[in-house]
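What follows is a short report on a single structure.
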Amino acid sequence: HFGLQYLTDRFLKRSEEEMQEIEALAAGLKAWATWNTTATLQECREACGGKGYLSENRIDALKNDTDIYTTFEGDNTVLLQLVAKSRLTEFKQEFSNMNMLTIVNYLAGQAKTSITEMNPIAVRNTDEEHLLDPEFQLSAFRYRERDILTSAAKRLKRHIESGMDSFDAFNVCQHHLVMVSQAYVERILLEEFRTQIERVTDAGCRAVLKKLCDLFALSQIDKNKGWYLEQGYMEGVKTKAIRKLVNQLCWDIRQDAVPLVDAFNIPDKLLSAPIASQ
2 HFGLQYLTDR FLKRSEEEMQ EIEALAAGLK AWATWNTTAT LQECREACGG
52 KGYLSENRID ALKNDTDIYT TFEGDNTVLL QLVAKSRLTE FKQEFSNMNM
102 LTIVNYLAGQ AKTSITEMNP IAVRNTDEEH LLDPEFQLSA FRYRERDILT
152 SAAKRLKRHI ESGMDSFDAF NVCQHHLVMV SQAYVERILL EEFRTQIERV
202 TDAGCRAVLK KLCDLFALSQ IDKNKGWYLE QGYMEGVKTK AIRKLVNQLC
252 WDIRQDAVPL VDAFNIPDKL LSAPIASQ
């Protein structure tokens, strides 16, 4: 929701120079949202057992209505290729416009990351306060996005310099480029989630949203823990602590599940399923 709200605001206030970035963001959010919808409905269906398969409980209708959107109005994988091209273009422009001072600052930033985020203490830090720190979560998302983007650019450059056609090079690197797009969208979602939480004045509502945001951030890190382990950004003891905290957050949030659904103010007639009234 917050990501789509951000996209709408960007579009309404757009300038000509921003259109390529906005189009790429729209493509990425469409792919992420529809894949997430499909996965969520499947999870709900299985969680309800056999009752989730009954037409009277309406999950089947939702699956039928939404599944097509993973390819309708743009195939999701193709849309992520568009996002990746946009990100690579921005990456190329960023470096082509660099002067010596900018390069020095960039290298200093890389060195700072190694010192502050990838030192022997940080990669093994399992303290709950650290894992729930928005700065740690955002830094992990940003590091992953930047590293995958840099790696993809290097791979494409290497293939093209070896004589491969640019079209073939792009296809060879497609899996890597899809990861570029996913990391980009997830970083945007987390940033906007945090931004909106800061604007909430009600303490109770803010606390619940903070838990949801922590769950989103840590579940994504847990989902990509193999990558973080390969890069040396975390060690196994830290990823285990994150998985444990994800489970704890799910347990804590369960008491807010009904109020959160009620907050959407979905009309009762649309919830007219036996399983929803039990």
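Per the numbering used here, the very first residue in the sequence shown carries number 2; after that it's consecutive.
Don't be surprised by glycine CBs; every beta carbon is placed ideally from N, CA and C.
So, with DSSP's three-state summary, where would you put residue i?
{"i": "M165", "result": "coil"}
{"i": "K270", "result": "helix"}
{"i": "P121", "result": "coil"}
{"i": "E57", "result": "helix"}
{"i": "C174", "result": "coil"}
{"i": "C49", "result": "coil"}
{"i": "T202", "result": "coil"}
{"i": "M180", "result": "helix"}
{"i": "A264", "result": "coil"}
{"i": "H2", "result": "coil"}
{"i": "G75", "result": "coil"}
{"i": "T127", "result": "coil"}
{"i": "N248", "result": "helix"}
{"i": "L133", "result": "coil"}
Apply the 10 Å Cβ neighbour rule to residue i and answer buried if 16 or more other Cβ atoms are within range, or exposed otherwise.
{"i": "Q82", "result": "buried"}
{"i": "L219", "result": "buried"}
{"i": "E19", "result": "exposed"}
{"i": "L210", "result": "buried"}
{"i": "G237", "result": "exposed"}
{"i": "T72", "result": "exposed"}
{"i": "Q256", "result": "exposed"}
{"i": "L42", "result": "buried"}
{"i": "Q6", "result": "exposed"}
{"i": "A184", "result": "buried"}
{"i": "Q221", "result": "buried"}
{"i": "T9", "result": "exposed"}
{"i": "T151", "result": "exposed"}
Whole angstroms are fine: how far does the CA of residue j sit from the CA of residue i?
{"i": "E193", "j": "N37", "result": "17 Å"}
{"i": "K245", "j": "M235", "result": "15 Å"}
{"i": "H177", "j": "D66", "result": "30 Å"}
{"i": "E231", "j": "R156", "result": "18 Å"}
{"i": "Y54", "j": "G75", "result": "29 Å"}
{"i": "A277", "j": "L26", "result": "35 Å"}
{"i": "K86", "j": "E57", "result": "44 Å"}
{"i": "T90", "j": "Q21", "result": "10 Å"}
{"i": "E130", "j": "V186", "result": "26 Å"}
{"i": "G227", "j": "I69", "result": "31 Å"}
{"i": "A274", "j": "A153", "result": "47 Å"}
{"i": "A264", "j": "D203", "result": "14 Å"}
{"i": "A112", "j": "A258", "result": "Here the model assigns A112 a pLDDT of 49, short of 50, so the residue's position is not dependable and the matter cannot be decided."}
{"i": "I267", "j": "L139", "result": "32 Å"}
{"i": "R125", "j": "F12", "result": "41 Å"}
{"i": "G205", "j": "E17", "result": "41 Å"}
{"i": "A242", "j": "V262", "result": "29 Å"}
{"i": "R346", "j": "A170", "result": "Any question about residue 346 goes unanswered here, given that the chain covers just 2 to 279."}
Give the C-beta separation of residue i and residue j to the nearest angstrom, bearing in mind that I take them to be a contact with Cβ-Cβ under 8 Å.
{"i": "G4", "j": "L190", "result": "5 Å"}
{"i": "L250", "j": "D215", "result": "6 Å"}
{"i": "N149", "j": "V181", "result": "Reading off the sequence shown, one finds Ile at residue 149, where the question assumed Asn. Their Cβ separation, rounded to whole angstroms, is 5 Å, which keeps I149 and V181 in contact under 8 Å."}
{"i": "R188", "j": "F142", "result": "4 Å"}
Against chain C, with Cβ distances strictly below 8 Å, would residue i count as a contact?
{"i": "I267", "result": "Considering every chain present, this structure includes no chain C. It has just one protein chain."}
* Asked: Counting Cβ pairs closer than 8 Å, one from the segment 197–215 and one from the segment 34–50, do we hit at least three?
  -> In short, these stretches do not touch, since the Cβ pair count stays below three.
* Give a yes or no on contact between the segment 19–34 and the segment 75–95, applying the rule of three or more CB pairs nearer than 8 Å. => The segment 19–34 makes contact with the segment 75–95, as at least three CB pairs between them are under 8 Å.
* Sufficient close CB pairs (3 or more, under 8 Å) joining the segment 121–129 to the segment 161–177 -> With a cut-off of 8 Å, the segment 161–177 and the segment 121–129 do not count as touching, because too few Cβ pairs lie within range.
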